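As structure tokens, the structure follows; a few thoughts come after it.
2 protein chains.
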Amino acid sequence: MTQGQHFTRLAGGAAQPAGHASLRRTNLSLVLRHLRDHGSSSRADIAEATGLHRATVSNLMAELLERRLVREVGIEHAGTVGRPRRAVALDGAHVGVLGLEINVDYVAVHGTDLGGRVLVERRVGFDAMGSGTNHSLRELGRVARQAIDELTRAGAGPSGLGPGDLAAAGASGIAAAGGGIRVAGIGVAVPGLVDVGHGVVALAPNLGWRDVSLASRLSVALGDVRAPVTVDNDANLAALAEYTSGVAAGTADMVYLTGEVGVGGGIIVGGRLLRGADGFSGEVGHMPVDPGGSRCGCGRSGCWETKVGLAALVRMATPDQAYGMGTTPVPDPEERVAEIARGLAGGDPLMLAAVAEVGRWLGLGGSILVNLFNPRVIVVGGYFATLARWLLPFAQAELEDLVVAGPAARCRFVASDLGFGAASLGAANVVINQLIDDPTAIGSPPVRLAAPQPTAT
Amino acid sequence: MTQGQHFTRLAGGAAQPAGHASLRRTNLSLVLRHLRDHGSSSRADIAEATGLHRATVSNLMAELLERRLVREVGIEHAGTVGRPRRAVALDGAHVGVLGLEINVDYVAVHGTDLGGRVLVERRVGFDAMGSGTNHSLRELGRVARQAIDELTRAGAGPSGLGPGDLAAAGASGIAAAGGGIRVAGIGVAVPGLVDVGHGVVALAPNLGWRDVSLASRLSVALGDVRAPVTVDNDANLAALAEYTSGVAAGTADMVYLTGEVGVGGGIIVGGRLLRGADGFSGEVGHMPVDPGGSRCGCGRSGCWETKVGLAALVRMATPDQAYGMGTTPVPDPEERVAEIARGLAGGDPLMLAAVAEVGRWLGLGGSILVNLFNPRVIVVGGYFATLARWLLPFAQAELEDLVVAGPAARCRFVASDLGFGAASLGAANVVINQLIDDPTAIGSPPVRLAAPQPTAT
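Going down the list, the sequences are from chains F and W. Each residue of the first sequence is one higher than the one before, starting from 61 at the first, in this note's numbering. Each residue of the second sequence is one higher than the one before, starting from 61 at the first, in this note's numbering.
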């Protein structure tokens, strides 16, 4: 205490070195996470469950109440004997979170409150590939702003409004009761290499982006919203969404593959997203699986994408239509996949052969992933999911032939059922977790500072 | 408290549900880890740093003292004012840990105390490949037993005995003063697929092992030692050793490659070893990098091992000596590598061409690892390290050509300097961490239960 350190106020009211601020953040987060995972609890229960001192819990609770992240929920009887105790509950209904995705031909948005209640969810068609960076950023900002307006107008009451209700409320301009939601964080999914720490898209070939400072540019575009913007790779975020709420939710070791013209990967290891040193992990599409193979859009040869990307399938399944080599863009990809699905259902032999070939290469690349990561499941999205019933049997057989651990490393391919919303859902989840990890990043909502609302909470 | 739960005694003396035992373990570990990482501390300091209640810390400390994992170290003055306070320090000197490795042509052993002080370290030549499972297990047990005897006879005093001192003490049968070390855990490294949870080697092709219950068989062989045995893959354990004390120690995202006839990988992700769902991760040797390539020892074609394993190099560098295709055994591998190093130093053009070719394939496979894991460093061991000055420039150039993130994902190949001891050192480290994670697994040393020794601690 004689070394000129900065001080901050801690539990118990004693002055403490500033290094303890991080401990306080950790403890606030511990309490909040406990309430999220276990529901309403008394301060004494929380102290018991977390091992924190009772006075510490009370002090932390005062801050969480001030930030409106918890609320008193009245009296709770602890068991059959003893005094009745006041309980507190997570109160995330005033805190909004936005997940966005910009991809080749659409912008998607997923708006929730801190508790994960879905308030806005939609996809807007948009030709990002042909629009250039500036135009794409304007469109992303427009979709974000509209969703934020809807959230701000939306009520923060405990009743669960569906996306339809919200859209209706937004469209009619009716401000719902309850004091308004303040958006506390925004996450954006991008199909490319993202420097997560700086919110910069280093390279997104399918959008034509290079070194785009997405986080800062979107922050500027959103002006007074002042919510921190997090940017991440689409496959990473979709993998997180799969881990939280997909067909293999809770599987601690899983790989997610986007199945588009490009093929990205998101990898969950021991229940956590694998990011790597720069956030550039999971670039499965450019594994060199056939050094003598055809040219890839990235300039190299024999990348996995040239074997299993949508362009490869379309080229083999409909060879009458020339798409060139490698991973050139596929016009109207959804229509082409639908056309191939119809052909497969009708038994078209060329299409069946094409899907078998792509399936085998899917299994070969999958075997690299299983040899390296030993996941329990490989969840496939995009066109892989649409054509799963034809593709996956071939992929699975090849996988089992090639995995060095054989049947001991049991891993199955499964099709995602999250559809287009996986990445934006994942982006929202990431922001929620950031907020719960550091509740001090959430200021008291301005509306309360200006004039406290007489709400039920 | 009316549901018939089991109870255990907790901090403060109150009866608590048994579920809280895990919280107590966590807290014991928290205290022990704090002492290991920060040196001797007062109970009040520990309470402050961990956020635990003062009474809880005192209670935890009583158990740690009873288990002889900490010791009182006298008076410490807290800053410039206030009462002098008693401090405690980690006291792992009575707790021994053994790391073993069985590989194709040797058994290695690394014995330490809980603080990591090296007490036994040696390698014993042994033809595991030609000896069969039973004979190999007997040899492993013999080496382990001899090291345990040396540890048991060794003193537990604070002075750092070098391996040489210990070997001398062991050889001359002199029991050092101090009350004896009790081995509390044994880790074994094996070049193969290991079911870590059950301590079973599922498959170790280069030892000729399949479904060997190594942990239980070694436990039986060691009889009264009664230390839990942990088994893991050699590359995983060497990667942990590299992370702790190798050339790139502390690099949170790194890959380690063994460079032998087979090529194994150990992968550190965010400072933690990647294990996968079954502990079968990191099987880099059988990534299919050249589907039309030559036959591998595993029965498949074009595995990375067939391009960069020692057999591939020897075949190319000394084609006059026929080794067949794939990853067949190489007689006298150390001598062959030394011969090639001499040839390279002398400028032998055939050998230089061979090493360039192997180097490029090393870079190609490395690019898969970088695309997927985005590590900062790939540490190479075995013959890769011996021939690093010739191999790595080619590997590095190819890596940089093939990585999709280009220079943004800066990653370099570096040669390990841990030599043969990496895997057994890693095995010992794993056991130390297990013991610190769960100090309740360490019983009071039997010698103390029988008759407390009048030692300085």
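Positions of the beta carbon are idealized from the N, C-alpha and C atoms, including for glycine. If you're wondering where the values come from, they're calculated on a predicted model, not measured in any experiment.
- The beta carbons of tyrosine 166 of chain F and glycine 192 of chain F sit about 16 Å from each other, so the pair does not count as a contact at 8 Å.
- Taking the C-beta atoms as reference points, leucine 459 of chain W is found nearer than 7 Å to glycine 423 of chain W.
- Valine 397 of chain W and alanine 262 of chain W have their alpha carbons spaced roughly 30 Å apart.
- Around the beta carbon of leucine 90 of chain F, 16 or more other beta carbons lie within 10 angstroms, which makes this residue buried.
- Of the other Cβ atoms in all chains shown, 16 or more fall within 10 Å of the Cβ of valine 272 of chain W; this residue is therefore buried.
- Taking C-alpha positions only, glycine 336 of chain W is separated from phenylalanine 480 of chain F by approximately 28 Å.
- Taking the beta carbon of alanine 262 of chain F as reference, the chain W residues within 8 Å of it are Ala465, Ala468, listed in sequence order.
- Put simply, the CB of glycine 111 of chain W is near chain F, with a gap under 7 Å to one of its CB atoms.
- The beta carbon of asparagine 431 of chain W sits closer than 7 Å to some beta carbon of chain F.
- Here glycine 190 of chain F carries a helix assignment [DSSP, helix/strand/coil].
- Of the candidates W:Pro393, W:Pro453, W:Met411, W:Asn431, W:Pro393 places its Cα closest to the Cα of tyrosine 443 of chain W.
- With respect to leucine 297 of chain F, alanine 465 of chain W sits apart: the two C-beta atoms are not nearer than 7 Å.
- Against chain W, a Cβ distance below 8 Å from proline 435 of chain F picks out Gly336, Ala337.
- Listed along the chain, the chain F residues whose CB falls inside 7 Å of the CB of methionine 347 of chain W are Ile428, Asn431.
- By the C-beta density criterion, asparagine 194 of chain W is exposed, having fewer than 16 other C-beta atoms within 10 angstroms.
- In this structure, valine 148 of chain F and methionine 121 of chain F form a Cβ contact; the two beta carbons are roughly 6 Å apart against a cut-off of 8 Å.
- Exclusion of the five residues before and after glycine 425 of chain F leaves Val344, Met347, Val349, Trp364, Val368 as the residues of its chain whose Cβ lies within less than 7 Å of its Cβ.
- With respect to chain F, the C-beta atom of aspartate 313 of chain W has a partner C-beta closer than 7 Å.
- Leu253, Asp255, Ala262, Leu263: these are the residues of the region 250-281 of chain W whose beta carbon lies less than 8 Å from some beta carbon of chain F, given in chain order.
- When rounded, the separation of the alpha-carbon atoms in glycine 171 of chain W and histidine 98 of chain W is 24 Å.
- Shortest Cα-Cα distance from threonine 290 of chain W to any of W:Leu83, W:Ala153, W:Glu161 involves W:Glu161.
- Taking 7 Å as the cut-off between beta carbons, the residues of the region 79-93 of chain F near chain W are Leu83, Asn87, in sequence order.
- Burial check for threonine 86 of chain F: the Cβ neighbour count within 10 Å stays below 16, so the residue is exposed.
- For valine 397 of chain W, the enclosing alpha helix (DSSP H) has its first and last residue at 393-405.
- Counting only Cβ-Cβ distances below 7 Å, glycine 342 of chain F has contacts in chain W at Leu432, in chain order.
- Nearest in C-alpha terms to alanine 475 of chain W, of all of W:Arg128, W:Pro499, W:Thr446, W:Leu274, is W:Thr446.
- Within chain F, the residues placing a beta-carbon under 7 Å from that of arginine 360 of chain W are Leu462, ordered along the chain.
- One alpha carbon belongs to serine 100 of chain F, the other to glutamate 108 of chain F, and they sit about 14 Å apart.
- With a contact defined as Cβ atoms closer than 8 Å, alanine 295 of chain W and threonine 318 of chain W qualify at about 5 Å.
- Per DSSP, the unbroken beta strand (DSSP E) holding tryptophan 269 of chain W starts and ends at 269-272.
- For leucine 424 of chain W, the closest Cβ of chain F is nearer than 7 Å.
- According to the DSSP assignment, alanine 168 of chain W belongs to no alpha helix (DSSP H) but to the beta strand (DSSP E) extending over 166-173.
- With distances taken between CA atoms, proline 288 of chain W lies nearest to W:Gly259 out of W:Pro265, W:Asp313, W:Tyr303, W:Gly259.
- Residue range 178-185 is occupied by the beta strand (DSSP E) that includes leucine 179 of chain F.
- Classified as exposed, serine 82 of chain F has fewer than 16 neighbouring CB atoms from the shown chains inside 10 Å of its CB.
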